[in-house]
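The structure appears right after this line, and notes come after that.
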Amino acid sequence: MKQSATFIPTLRETPADAEVRSHQLLLRAGFIRQNTSGIYSFLPLGKRVLDKVETIIREEMEAANSVEVFLPAMQQAELWQETGRWYSYGDELMRLKDRNGREFALGATHEEVITDLLRDEVKSYKKLPLNLFQIQSKFRDEKRPRFGLLRGREFLMKDAYSFHATTESLDETYNVMMQAYTNIFSRLGLDFRMVIADSGAIGGKDNHEFMVLSEIGEDTIAYSDSSSYAANIEMAQVNIEYELPTETPEEIEKVATPDQKTIAQVAEFFRTGTENCIKTLVFKADDEFVIVLSRGDHDINDVKVKHATDAKVVEMATPEEVKQLIGCEIGSIGPVALPDGIRVIADNAVKTIANGIAGANEEGQHFKNVTPGQDFDVEKYADLRFIKEGDPSPDGQGTIKFAEGIEVGHIFKLGTRYSEDMKATILNDQGRAVPYIMGCYGIGVSRVVAAVAEQFNDENGFTWPPVAAPYDIHVVPVNVKDDVQRETAEEIYKLLKSNRYQVLIDDRNERAGVKFTDADLIGLPVRLTVGKKAAEGILEVKIRSTGETFEWKQEELLDQLQDFFQKRS
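What follows is the structure in structure tokens.
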């Protein structure tokens, strides 16, 4: 492609609202442009990267016996109402009405649509297993779109859905898809980890996320320093056998604590550690209020609270709800003398507290000498806190460390979560109607582009790996007014194209410095500079990823390029 004939609007300055390196460079190098908050256009270079990522995904999906389909983006509300997600999915679901007042959603995901399709078409176990995938735009009304392509309101996603008659069949396909995902991200050269994850709004039981390691990642990975264990921090279990206190409980006493609102302030006031304080929070689990307790040095994990209460939706109670329920501000809540009928659950570590500190459910008042079982009752103890660095690894090997990650893929064993709600059944081998057993497998395709961009760059621009680069080679004639340079560059351009290389030639009448700056910014794997030595048949070669430069004779060009790309394939 001639650079003069395509659209690459590079920028010299970094846009002020671009927070992360990938977003900055994708804008500066002319790969994308923002239409409005969280919505982007892919320009020619960006579209070529997107196409390369899609090609790898399609190859691995087909190798895993997944067949491509294309489902509607607009989905009728009735399907989402069948599963209850019309009500539980939240404000991220983009909803609209047609001219007749009928409600629809713009697809955030496609479980309902694919289940509806299959329940009308596949009635026998003999037609299973079946694995279908699509690559399509998804829509989510993000409260705060950020980081460019990493968190947008419209994005491209590959989602696959598998249907089975037995759990053994699901397990087999799940493992095949897990390997396919590993292949995809490995082929792209990404530094990633597969981690145990929460199913979130999708539902289901067993599931794993694929996380690209990055300092800008919005997810925290808890991993063992001595084994392969890795989990999203939301799902990392705390497997500690806490010893019960031997301290003799003393008589509870109310103490005035004016202006002491935080755990740290209260601990300092009582001259004790935060581990001796009881943190008390109020959650709303579906339509029921639940008191959740933890030690003051721990943080409550709302995902674990959701699992412990078997709720579909868990959220913090508002200050107004707390005031109405208990009669005090959030900073004064405690587990002693609560109103009747309120459930109290506690993290396992609360058992270690004797003669601790807790709110007195009155403004500016706290209790000291608070002991669980003596001064208040707990309905249920469970693992409810976030794991911490230094905690024992849940697999019993080593201790926990943290890393940040960008989620690029997520696979789920849905089981019968959707088929039961939607009455999607098959006749099994005994002639009995049973619900489909399902799996779900997603990759954020446009997010993968951003993740590759985030990992492959330097101070001058992108350093694309060949598998994801928009072109293989950048041919740069220094002076297009020089007949020898221009004609040599054209000759090389045609030669490389005839040998099936993807080539961008900078045929613009620009200063050499401008061309080299743009070439580094765009970041194609190899730059061939046609300069003053062109008359001698000598080309200057730059390997973008390493910055190495060489001089190659024109007649050895094809052999050298073949060797370079073979080593990086």
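Following this note's numbering, the numbering of the sequence shown begins with 2 at its first residue and continues without gaps.
Backbone N, C-alpha and C fix where the C-beta goes; we use that ideal spot for every residue, glycine too.
On a predicted model such as this, the values are computed, not experimentally measured, just so you know.
Beta-carbon proximity list for Gln4, same chain, < 7 Å, skipping 5 on both sides: So the qualifying residues of the chain are Leu505, Ile506, Asp507, Asp508, Arg509.
Cβ neighbour criterion (16 or more within 10 Å) applied to Pro340: exposed
is_contact[Ile334, chain C] using C-beta, thresh 7 Å: In the structure shown, chain C cannot be found, because there is only a single protein chain.
Beta-carbon proximity list for Asp298, same chain, < 6 Å, skipping 5 on both sides: Thr275, Glu276
Proximity winner among Glu69, Lys124, Lys414, Glu14, relative to Lys424 (alpha-carbon distances): Lys124
Of the residues Phe413, Arg386, Ala19, Leu26, the one placed nearest Thr11, counting alpha carbons only: Leu26
Assigned secondary structure, Arg59 (DSSP; H/G/I helix, E/B strand, else coil): helix
Val435 versus Gly399 - alpha carbon distance: 44 Å
Beta carbon of Asp376 nearer than 7 Å to that of Ile253: yes
Coarse secondary structure for Ile338, derived from DSSP in three states: First, the amino acid is wrong: residue 338 is Ala here, not Ile. Looking at Ala338 - three-state DSSP - the assignment turns out to be coil, as it is neither helix nor strand.
His313 versus Asp303, Pro320, Arg569, residue with shortest Cα-Cα distance: Position check: residue 313 holds Lys in this sequence, whereas His was assumed. Of Asp303, Pro320, Arg569, the residue nearest in Cα terms is Asp303.
Own chain partners of Glu248 with C-beta closer than 7 Å, once the 5 adjacent residues on each side are dropped: Ala355, Asn356
Sheet register partners of Pro373 (DSSP bridge): Phe377
Neighbourhood of Val70 by C-beta, 6 Å cutoff - its chain only, sequence neighbours within 5 removed: Leu133, Gln135
Cβ distance (whole Å) where Ile346 is taken to contact Val283 below 8 Å: With a Cβ gap of about 12 Å, Ile346 and Val283 do not count as contacting.
Extent of the continuous alpha helix (DSSP H) run through Lys305: 303-310
Stretch pair the stretch 99-119 + the stretch 399-410: three plus CB contacts closer than 8 Å: no
The stretch 524-544 in contact with the stretch 471-479 per 3-pair CB rule at 8 Å: yes
Beta-carbon proximity list for Gln261, same chain, < 6 Å, skipping 5 on both sides: Val267, Phe270
Cβ-based neighbour list, Val351, same chain, cut-off 8 Å, excluding 5 preceding and 5 following: Ile279, Leu294, Ser295, Arg296, Pro373, Val379, Tyr382
Gln35 Cβ short of 6 Å to the ligand GTP heavy atom set: With respect to the ligand GTP, the structure shown offers nothing to examine, as it has no ligands at all.
Runs of beta strand (DSSP E) lying entirely within the stretch 140-177, each at least 3 residues, in chain order: 155-165
Segments of 3+ residues assigned as beta strand (DSSP E) that fall wholly inside the stretch 452-521: 474-478, 504-506
C-alpha distance - Val337 paired with Asp172, whole-angstrom precision: 47 Å
The beta strand (DSSP E) enclosing Leu1, as first and last residue numbers: In this structure the chain extends from 2 to 570, so residue 1 is not present and cannot be described.
Buried versus exposed, by CB contacts within 10 Å (16 or more), Tyr88: exposed
Within the stretch 209-290, ranges of the beta strand (DSSP E) (whole runs, at least 3 residues): Qualifying beta strand (DSSP E) stretches, in chain order: 220-225, 231-233, 254-257, 279-286.
Cα-Cα separation between Ile358 and Glu251, rounded to whole angstroms: 12 Å
Expected contact under 8 Å - CB spacing of Tyr230 and Pro395 to nearest Å: Going by Cβ atoms, the distance from Tyr230 to Pro395 rounds to 6 Å, so yes, they are a contact pair.
Whole-Å CB distance - Asn458 paired with Arg22, under 8 Å assumed: 6 Å
Cβ contact (3+ pairs, closer than 8 Å) linking the stretch 37-48 and the stretch 74-83: no
Length of the line joining the Cα atoms of Met2 and Asp142: 37 Å
Environment of Asp430 [buried if 16+ CB atoms lie within 10 Å]: exposed
Inter-residue CB distance, Val527 and Lys53 (contact presumed, cutoff 8 Å): About 16 Å separates the two Cβ atoms, so there is no contact after all.
Beta-carbon gap between Ala404 and Leu214 smaller than 7 Å: yes
Extent of the continuous beta strand (DSSP E) to which Pro436 belongs: 434-436
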